[in-house]
Ligand code: PBG
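In this note's numbering, the protein residues as written are -3 to 329.
Here it is as structure tokens:
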């Protein structure tokens, strides 16, 4: 009797040495694939830690610039900026989000001045950080998020962010038609070169919990009337079809790890680059388990990013971007 039924079939042969494993590795995240989400908060003198996201800060303008330089030096591909206004600057329409001197737009101008085209400067295009009710849009008389009235606000926001220096704007509010109005507004204002990264399949997820602390969100209730139901898979392809038809330059699936099936579907059907967002709760889960010594942080970070890339994401937004880029540059992964 032979030791194995098909003696020439020994998959373990290619796992024998680190050099062989490296040679045949099919998926290899690169620093340039990673995008670092950052928070800039108005009215603080020192950066503030986000308690539920160990290692993540709400930045001052100065510390934000330093963090951006650090990311560029580490080889990270881009930066996604979120603004955190003062509570007293929040209102029902999210006016601080479209104010050219609001915290986010000031930060974009400063970053573009400092970094020029050395990195890809991306801007979150949503109202939730700026509204006093915490929803991603404006409300109608009955307290529901008004899709079309919100679109007008997004159009205005896109133009202000482009004028402030964003290379890419990223509408994340899941309003129907948001990509189209943003594209049209940018073009009409002469910003044909500013790209749109559409949050295409964004699920109403518990994984955003720590982010709400990071942006000081005042939301009561939930976003289930505009974000997707975690139960649904096919709907992501409908959202993709619409976003592509409306002119999205890149599309995104969010969260990442719990939605690899969706990511795989979207990657297969998309002819534009696909991003995935490893969101705050995914980060915090790894941090919490690593802090207990229950998992190895660096291995978890690299394995999760590799899995997200393997499922089809070309770009990954992750709070680990700088850390992972350094690990990868040292040859890990
Ligand atoms: C909404 C927005 C959210 C996140 C990014 N953009 C929060 C939400 O939809 O409730 C979450 C990101 C994260 O959890 O890391 N503008």
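Just so it is clear, CB atoms sit at the ideal spot from N, CA and C, and this is done for glycine as well.
Using only the alpha-carbon positions, how far apart do residue i and residue j sit?
i: residue 147; j: residue 89; result: 12 Å
i: residue 230; j: residue 201; result: 17 Å
i: residue 216; j: residue 139; result: 12 Å
i: residue 55; j: residue 67; result: 14 Å
i: residue 141; j: residue 169; result: 11 Å
i: residue 24; j: residue 322; result: 14 Å
i: residue 84; j: residue 34; result: 22 Å
i: residue 63; j: residue 166; result: 20 Å
i: residue 115; j: residue 219; result: 32 Å
i: residue 60; j: residue 315; result: 14 Å
i: residue 209; j: residue 19; result: 43 Å
i: residue 193; j: residue 37; result: 23 Å
i: residue 21; j: residue 297; result: 17 Å
i: residue 118; j: residue 5; result: 48 Å
i: residue 125; j: residue 14; result: 46 Å
i: residue 131; j: residue 155; result: 21 Å
i: residue 158; j: residue 9; result: 53 Å
Excluding the 5 residues preceding and the 5 following residue i in the sequence, name in chain order all residues of the same chain whose CB lies nearer than 6 Å to its CB.
i: residue 105; result: 160, 161
Is the closest heavy atom of the ligand PBG to the C-beta of residue i under 7 Å?
i: residue 234; result: no
i: residue 277; result: yes
i: residue 119; result: no
i: residue 168; result: yes
i: residue 124; result: yes
i: residue 255; result: no
Could you check whether the Cβ of residue i sits closer than 7 Å to any heavy atom belonging to the ligand GDP?
i: residue 219; result: Only the ligand PBG can be found as ligands here, which leaves the ligand GDP out of the picture.
Inspect the beta-carbon positions of residue i and residue j and report whether they are closer than 8 Å.
i: residue 261; j: residue 232; result: yes
i: residue 236; j: residue 308; result: no
i: residue 29; j: residue 73; result: yes
i: residue 280; j: residue 76; result: no
Cutting at 7 Å between CB atoms, please list the residues of its own chain near residue i, excluding the five before and the five after it.
i: residue 70; result: 27, 318, 321, 322
Note down, in chain order, each residue of its chain lying with its Cβ closer than 8 Å to the Cβ of residue i, except the 5 sequence neighbours on either side.
i: residue 175; result: 167, 192, 194, 238, 239, 242, 243, 244
i: residue 57; result: 36, 102, 103, 106
i: residue 264; result: 308
i: residue 78; result: 33, 34, 35, 36, 100, 120, 125, 210, 211
Any beta-carbon of chain B closer than 8 Å to the one on residue i?
i: residue 291; result: Of the protein chains in this structure there is only one, and it is not chain B.
> Okay, do the stretch 246 to 257 and the stretch 187 to 197 touch, 3+ Cβ pairs below 8 Å being the bar?
Replying inline: Cβ pair count under 8 Å is three or more, so yes.
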